[in-house]
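Below: the structure, in structure tokens.
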Amino acid sequence: MTTLLIDVFLLLLLVITAIGAVAVRSLLAATLLLAIYSLLMALVWVSLQAVDVAFTEAAVGGGISTVLLIATLVFIGRREAPAPLIHWPSAAAVVITGAVLIYGTLDMPRFGDPQAPPHQHVAPHYIAHAMEETRVPNFVTAVLASYRGYDTLFETAVIYTAGLGLILLLRGARARRRERRR
Amino acid sequence: MNEQVLIRVMVQLLVPFIFLFGVYVIMHGELGPGGGFQGGVILAAGYILYALVHGTDAGKRAFPTRLSDALNSVGVLIYGGVGMATVLLGGAYLDYDMLNPADPPAGQTLGIILVEIGVGITVSAVMITLFNELARAVRR
């Protein structure tokens, strides 16, 4: 009962924050609302007992991406260009997509149902054998770094590529500008 | 400058503990929540906090750009290197069992810790690079 109340409360706050982030005209306020959204989302993950995901959400969504977004705002200005509050074609697209998605959730298994298809494939093996096979108590880490090691390798490569791309683009552009001035 | 004394002192006190926590999260990813990604982001957050308060020049003096550029690749190299090591030891790519054939689970633990360290290094270096490059672009 208490968990249900907490979940409803968190989800209500999430919806309010999301609407606020879209409705507010100041981009700085929108960025900060998105940071709050991430922190609330982290609490939802904790409530779903997914602490590793909650950790990532809080560190990345609430921390780093907020800083980077604010840095970006310095370039593009902190006021959104005035636009009508409701853009009807987009509103129609959002409502239709949302309705389809909600219709899709009707077929989803109940939350935490052990008979649900995703819990029938490899997950039982990980839960039962991760400790004896890897001696790593947190089997989320065992799955990420060992059973799914290729995925994590290429995720790291994606982050690396992002850093490399930024160095080449921004630092390269600066070097070219300096070259031209000479 | 005067009103910043409190912030400067607090940051000076906080940053070492943030770094310590980041390293802890990376090293204890196999025991509790967290891992290379989260720990790397926390390390970067410590640097960004320092650079925000003391200025990006001070940040670069403490952690030179050449070093962060190099560490970008070092993390991925560690991860890929562990994979190559297991191949050279006669296994499949990233088959950590080969790191300790006599006791495969111990090899798995070692491999997982090594790749988490690799992920942590790359993630923190890339986040610091992102911040530095954006900050430098903003200043012009």
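As you go down the protein sequences, you meet chains A and B in turn.
With my numbering, the residue at position 26 of the first sequence is 26, and numbering never jumps.
With my numbering, the residue at position 90 of the second sequence is 272, and numbering never jumps.
Every residue gets a Cβ at the ideal spot worked out from N, C-alpha and C, and that includes glycine.
Note that the structure is predicted; figures quoted are calculated from it, not measured.
- Query: Between which two residues does the alpha helix (DSSP H) carrying B/Ser250 extend?
  - Reply: Position 68 of the second sequence, counted from the start, is the residue given in the question as residue 250 of chain B. Taken as a continuous stretch (DSSP letters only), the alpha helix (DSSP H) holding B/Ser250 covers 247 to 270.
- Message: With a threshold of 8 Å between beta carbons, is B/Phe313 in contact with chain A?
- Response: Looking up residue 313 of chain B in the second sequence gives position 131. Answer yes: the Cβ-Cβ gap between B/Phe313 and chain A drops below 8 Å somewhere.
- Residue of A/Ala83, A/Ser38, A/Trp45 minimising C-alpha distance to A/Ala23: Taking the first residue of the first sequence as 1, we reach residue 23 of chain A at position 23. Looking from the CA of A/Ala23, the closest CA among A/Ala83, A/Ser38, A/Trp45 belongs to A/Ala83.
- Does DSSP put A/Arg78 in a helix, a strand or coil? Taking the first sequence and counting its residues from 1, one reaches residue 78 of chain A at position 78. It is coil, neither helix nor strand.
- Message: Quick check: what's the CA-CA separation for A/Thr3 versus A/Leu10?
- Response: Position 3 of the first sequence, counting from 1, holds the residue named residue 3 of chain A. Position 10 of the first sequence, counting from 1, holds the residue named residue 10 of chain A. Rounded to whole angstroms, A/Thr3 to A/Leu10 spans 10 Å at the Cα level.
- Does any CB atom of chain B fall closer than 8 Å to the CB of A/Arg135? Taking the first sequence and counting its residues from 1, the one referred to as residue 135 of chain A is at position 135. A/Arg135 counts as touching chain B.
- Task: Under 8 Å by Cβ, that's how I've got B/Ala227 and B/Ile200 pegged, so tell me the actual separation to the nearest angstrom.
- Result: Locating residue 227 of chain B in the second sequence gives position 45, counting from the first residue. Locating residue 200 of chain B in the second sequence gives position 18, counting from the first residue. The Cβ separation is near 7 Å, so the contact holds.
- Message: Just to confirm the assignment, what range does the alpha helix (DSSP H) spanning A/Pro89 have?
- Response: Indexing the first sequence from 1 puts residue 89 of chain A at position 89. Per DSSP, A/Pro89 belongs to the alpha helix (DSSP H) from 88 to 105.
- Query: Does the distance from the C-beta atom of B/Phe219 to that of B/Val305 stay below 8 Å?
  - Reply: Mapped onto the second sequence, residue 219 of chain B falls at position 37. Mapped onto the second sequence, residue 305 of chain B falls at position 123. Going by C-beta atoms, B/Phe219 is nearer than 8 Å to B/Val305.
- Query: Would B/Glu315 be called buried (16 or more neighbouring beta carbons within 10 Å of its own) or exposed?
  - Reply: Walking along the second sequence from the start, residue 315 of chain B turns up at place 133. Burial call: buried.
- Evaluate A/Thr97 with the Cβ neighbour count: other Cβ atoms within 10 Å of its Cβ, from every protein chain shown; 16 or more gives buried, anything less gives exposed. Stepping through the first sequence from its first residue, residue 97 of chain A is reached at position 97. So A/Thr97 counts as exposed.
- Query: Mind pulling the chain B residues with CB within less than 9 Å of A/Glu132?
  - Reply: Locating residue 132 of chain A in the first sequence gives position 132, where the first residue counts as 1. Result: Pro287.
- Query: Are any of the Cβ atoms in chain A nearer than 8 Å to that of B/Val205?
  - Reply: Sequence index remark: in the second sequence, residue 205 of chain B carries index 23 (1-based). B/Val205 does not count as touching chain A.
- Helix or strand or just coil, what does DSSP make of B/Met183? In the second sequence, residue 183 of chain B corresponds to position 1, counting from 1. At B/Met183, the pLDDT of 49 sits below 50, so the modelled position is not reliable; the number obtained from the coordinates is stated separately. Coil.
- Query: Which whole-angstrom value is the C-beta distance of A/Asn138 and B/Gly211, which I expect to be below 8 Å?
  - Reply: Taking the first residue of the first sequence as position 1, residue 138 of chain A is located at position 138. Taking the first residue of the second sequence as position 1, residue 211 of chain B is located at position 29. Correct: roughly 7 Å between the Cβ atoms.
- Task: Output, in sequence order along the chain, the residues in the segment 42 to 64 of chain A whose CB is closer than 7 Å to any CB in chain B.
- Result: Val51, Asp52, Phe55, Thr56, Ala59, Val60, Gly63, Ile64
- Message: Below 8 Å, how does it come out for the segment 255 to 262 of chain B and the segment 227 to 240 of chain B: are there three or more Cβ pairs, yes or no?
- Response: no
- Counted within 10 angstroms of its Cβ, other Cβ atoms place B/Gln290 as buried (16 or more) or exposed: Here residue 290 of chain B refers to the residue found at position 108 of the second sequence. That one is buried.
- Query: Which residues in the same chain as A/Leu34 place their Cβ atom closer than 6 Å to its Cβ, once the five residues preceding and following it in sequence are excluded?
  - Reply: The residue labelled residue 34 of chain A in the question sits at position 34 within the first sequence. Excluding residues within five positions, the ones whose Cβ falls inside 6 Å are Ala21.
- Query: Between the C-alpha atoms of A/Gly62 and B/Val235, what's the straight-line distance to the nearest angstrom?
  - Reply: Position 62 of the first sequence holds residue 62 of chain A. Position 53 of the second sequence holds residue 235 of chain B. If you take the alpha carbons of A/Gly62 and B/Val235, they lie about 19 Å apart.
- Task: Answer with buried or exposed for B/Pro215, where buried requires no fewer than 16 other C-beta atoms within 10 angstroms of its C-beta.
- Result: Looking up residue 215 of chain B in the second sequence gives position 33. Classification for B/Pro215: buried.
- Task: Drop a sphere of 10 angstroms on the beta-carbon of A/Leu38, count the other beta-carbons inside from all chains shown, and report buried for 16 or more, exposed for fewer.
- Result: Position 38 of the first sequence, counted from the start, is the residue given in the question as residue 38 of chain A. According to the sequence as given, residue 38 of chain A is Ser; it is not Leu. Buried is the call here.
- Item | Beta-carbon proximity check, A/Thr17 vs A/Leu40, cutoff 8 Å | What you label residue 17 of chain A is simply residue 17 of the first sequence in a count that begins at 1. What you label residue 40 of chain A is simply residue 40 of the first sequence in a count that begins at 1. Contact flag set, yes.
- Task: Anything in the segment 160 to 178 of chain A with a Cβ closer than 8 Å to a Cβ of chain B? List those residues in chain order, please.
- Result: Tyr160, Ala162, Gly163, Leu164, Leu166, Ile167, Leu170, Arg171, Arg174
- Message: Tell me which residues share the same chain as A/Pro109 and place their Cβ nearer than 6 Å to its Cβ, disregarding the 5 neighbours each side in the sequence.
- Response: Position 109 of the first sequence, counted from the start, is the residue given in the question as residue 109 of chain A. Around A/Pro109: Ala116.
- Message: Strictly below 8 Å CB to CB, what residues from chain A border B/Pro215?
- Response: Against the second sequence, residue 215 of chain B aligns to sequence position 33. Residues of chain A passing the Cβ test: Val51, Asp52, Ala54, Phe55, Asn138, Val140.
- Query: Which partner residues of A/Ser26 appear in the DSSP bridge assignment?
  - Reply: Within the first sequence, the letter at position 26 stands for residue 26 of chain A. Answer by DSSP bridge pairing, in chain order: A/Arg79.
- Spell out whether any CB of chain A is found under 8 Å from the CB atom of B/Leu319. By 1-based counting over the second sequence, the position of residue 319 of chain B is 137. Correcting the residue type first, residue 319 of chain B is Ala in the shown sequence and not Leu. With 8 Å as the cut-off, B/Ala319 counts as an interface residue toward chain A.
- Between which two residues does the alpha helix (DSSP H) harbouring A/Tyr126 extend? Position 126 of the first sequence holds residue 126 of chain A. Taken as a continuous stretch (DSSP letters only), the alpha helix (DSSP H) holding A/Tyr126 covers 123 to 134.
- Identify the contact partners of B/Val297 in chain A, using a Cβ-Cβ distance below 8 Å as the criterion. Here residue 297 of chain B refers to the residue found at position 115 of the second sequence. Per Cβ cutoff of 8 Å: Ala145, Gly149, Thr152, Leu153.
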